[in-house]
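Have a look at the structure below, then the notes.
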Amino acid sequence: MFDIGFAELLVIAVLGLLILGPERLPGAIRTSSLWLGRLRRSFNDIRAEIEKEVGADEIRRQLHNESVLASLKETKNSISNDINQAGQQVSEITNTIHSEHSIGTPTAEPEHNTRAAESPAANDQDNKP
17 MFDIGFAELL
27 VIAVLGLLIL
37 GPERLPGAIR
47 TSSLWLGRLR
57 RSFNDIRAEI
67 EKEVGADEIR
77 RQLHNESVLA
87 SLKETKNSIS
97 NDINQAGQQV
107 SEITNTIHSE
117 HSIGTPTAEP
127 EHNTRAAESP
137 AANDQDNKP
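Just so we're aligned: the sequence shown equals residues 17 to 145 in the numbering used here.
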């Protein structure tokens with residue numbers, strides 16, 4: 017974190033011994049250690065809370081995305097059902113039109129055959145120049 021090596025720690029200890037003296041140095045080290053521990057704990061607590069909040073945000077985002085996907089799936093299924101129903105209706109209408117066409121109107125061949133059967137003499141007249 018601070019990139020302090022052994023040499024720097026030794027210089028700080030010698031300065032502390034010279035400034036504070038041998039009687040007050042152990043108490044000062046204890047006090048500074050307590051403050052340093054409290055500072056580390058508070059940083060760790062803050063970091064944990066931030067990570068928890070970030071995790072909660074990600075969970076909320078993921079839940080929102082899942083609800084959007086569920087909504088899209090529901091819409092897709094609804095549209096697919098509507099398309100299938102429309103296709104079935106088109107097929108029914110087509111079948112109805114074909115069945116009405118084949119039942120309701122006679123074809124050209126029976127008319128020609130009935131004409132030939134009605135008057136054989138008419139055929140003979142058509143063949144004469």
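Virtual Cβ for every residue (Gly too), placed ideally from N, Cα, C.
According to DSSP, is residue i helix, strand or coil?
i	result
residue 95	helix
residue 61	helix
residue 19	coil
Thinking residue i and residue j are a contact (beta carbons under 8 Å), I'd like their distance in whole angstroms, please.
i	j	result
residue 41	residue 32	6 Å
residue 44	residue 36	5 Å
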